[in-house]
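Chains as they are written, first to last, in the numbering used here: chain W, 6 to 167; chain C, 320 to 483.
Structure below.
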């Protein structure tokens, strides 16, 4: 990772241009050839710095209005298996295991669901419960999105990228 | 918004090909001309449906190794002020108000657990909360992190204004 990689990622944070040869455009902005842009991106991808390169979509504008975080209680000994199974359930966009707060909040696994309505989310979650055999869970719907930005922004919080 | 737009949204969630003319590749996949891909994509951007096409970076690979989810029990009247407090931290990427006694749920990524502790302590103090008002739920393991929606499954009819 060098300064040019960081500049490249910072430029791309604003989005790939919608032109015939967008990487050439990025290259001329940075004063490097298109082939260098593509080689750097392929390397960053293979190193795992770039996880995905895709559209950021506002799903609410396409009618996906309901969003829920579901917290699951998983019996000890089932952590890995239950996590893997939850992650495969239809409609799950995120699945994490998190440290609980013993006695106060004993849930260990979390899934995120998006669907057209709360009823659709509830149906999806019921299906997950059935598929995993987990029956202690709580569905926590969102009522307002207060902040949503990429987890890593090169100039703002980029860790070693800054 | 028609079925082609929805198919394009599906295709744009795959990795953008790292080739000189990536929109040609997408166009070939959808069996439409490249000009139409670009025109539709501009349209989706103008309507705010697509924010942009950009790399998603791995927080751990760039040194943000500590990540946590925090839930706060905040009285209704304090929610706007506490939201401003939380959102001001660049380490916070997502913050949602939720239908729960713990009303604010946000994610924090930092270089280590110390920095995360610091942020939570600051918020606690400035928001006038106690330990009982806070759930700190650090990530143990990520099983699935790639958001992907299936749009072509949605009927093109009645879709698109995003109002409830």
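For glycine and all other residues, C-beta sits at the position ideal for the given N, C-alpha and C.
Its chain contains 72 as the residues whose beta carbon lies nearer than 6 Å to that of residue 147/W, once the 5 sequence neighbours on both sides are disregarded; these appear in chain order. Straight-line measurement puts the Cα of residue 320/C at about 37 Å from the Cα of residue 379/C.
Residue 449/C sits away from residue 103/W, with the two beta carbons spaced by 8 Å or more.
In this structure, residue 113/W sits near residue 84/W, with a CB-CB distance shorter than 8 Å. Non-local beta-carbon contacts of residue 76/W in its own chain, meaning distances under 6 Å to residues more than five positions away in sequence, involve 112, 115, 143 in chain order. For residue 94/W against residue 132/W, the beta-carbon gap comes to about 7 Å, under 8 Å, which counts as contact.
Neighbours of residue 163/W across chain C, judged by C-beta separation under 9 Å: 376, 381, 382, 383.
Remark: C-beta atoms of residue 326/C and residue 360/C do not approach each other more closely than 8 Å. Excluding the 5 residues flanking it on each side, residue 351/C has same chain C-beta neighbours closer than 7 Å at 323, in chain order. If you keep only unbroken beta strand (DSSP E) runs of at least 3 residues inside the region 109 to 145 of chain W, you get 114 to 120. Taking C-beta separations shorter than 7 Å and ignoring five residues to either side along the sequence, the partners of residue 88/W in its chain run 100, 102, 114, following chain order. Straight through space, the alpha carbons of residue 154/W and residue 413/C are spaced by roughly 7 Å.
Nearest neighbour of residue 61/W by Cα position, chosen from 381/C, 382/C, 367/C, turns out to be 367/C.
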